[in-house]
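Participant: The numbering of the sequence shown is full-length UniProt numbering, which starts it at 1 and goes up by one.
Built from N, CA and C at the ideal position, the CB exists for glycine as well.
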Amino acid sequence: MRKIINSTYVTLDGVIENPQNWTSAYFNDEAAAYARDLLFSSDALLLGRRTYEGFAEAWPAMEEQTGDFGVRMNTLPHYVVSDSLEKAGWNDTTIIRRAEAAAELAKLKERPGQDILQYGFGPVSRMLVENGLLDELRLWIHPVLVGPGDPEGLLGATGFAATFELAETETFTTGVIIATYRPTATG
Numbered sequence: 001m002r003k004i005i006n007s008t009y010v011t012l013d014g015v016i017e018n019p020q021n022w023t024s025a026y027f028n029d030e031a032a033a034y035a036r037d038l039l040f041s042s043d044a045l046l047l048g049r050r051t052y053e054g055f056a057e058a059w060p061a062m063e064e065q066t067g068d069f070g071v072r073m074n075t076l077p078h079y080v081v082s083d084s085l086e087k088a089g090w091n092d093t094t095i096i097r098r099a100e101a102a103a104e105l106a107k108l109k110e111r112p113g114q115d116i117l118q119y120g121f122g123p124v125s126r127m128l129v130e131n132g133l134l135d136e137l138r139l140w141i142h143p144v145l146v147g148p149g150d151p152e153g154l155l156g157a158t159g160f161a162a163t164f165e166l167a168e169t170e171t172f173t174t175g176v177i178i179a180t181y182r183p184t185a186t187g
């Protein structure tokens, strides 16, 4: 069975919003190789609406600067969970309505293929955890504090709780730590 793997950049103070403002100083060859391996071990992207809209705007113009990474980002099948999107224009995109998302994503996991990669942690990620569909959470912990942001821009959310076990870590020379967690059964 395929795994759904979430990859999220986070600061020491739990901020996940606007990573373009605080990640670039920490993105080196090690990080690029890790990101590439993660992307190329997947054959589908799963996104929430906000992440989808940002990616759909940015990635089509980034192939020249990012090479085969950008080509892969643009050509993989994309699945976006949204009730507000009526039409998705970024290459091969399937819109999944929230009410059907858990059942549809469970079916997607059962199809043959590589892993399913999800970027960003928000309502879709929480739905995955709540329904036992998220297999791994890979937090790219950046050694920076950026101060409080919008509550929706934080890793945690009011009313959401889950427990995880540490599966592995990788540390880059920039101080970024990738902590891979797997959900644990709550009891």
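1) Measure how close the beta-carbons of residue 102 and residue 73 come, nearest whole angstrom, since I'm counting them as under 8 Å.
2) Which one of 49, 7 and 109 has the shortest CA to CA distance from residue 93?
3) Less than 7 Å between C-beta atoms, sequence neighbours within five positions excluded: which residues of the same chain meet that for residue 110?
4) Given a threshold of 16 other Cβ atoms within 10 Å of its Cβ, counted over all protein chains shown, does residue 167 qualify as buried or as exposed?
5) Measure from the alpha carbon of residue 70 to the alpha carbon of each residue in 81, 58, 79 and 80, then state which is nearest.
6) Which term fits residue 12, buried or exposed, when burial requires 16 or more other beta carbons within 10 angstroms of its beta carbon?
7) Residue 82: which of 99, 120 and 44 sits nearest, CA to CA?
Facilitator: To lay it out plainly:
1) Contact check for residue 102 and residue 73: beta-carbon distance about 25 Å, past the 8 Å limit, so the pair fails to qualify.
2) Comparing alpha carbon positions, the residue from 49, 7 and 109 closest to residue 93 is 49.
3) 1
4) The residue in question, residue 167, is exposed, as its Cβ has fewer than 16 Cβ neighbours within 10 Å.
5) 58
6) exposed
7) Of the listed residues, the one whose Cα sits closest to residue 82 is 99.
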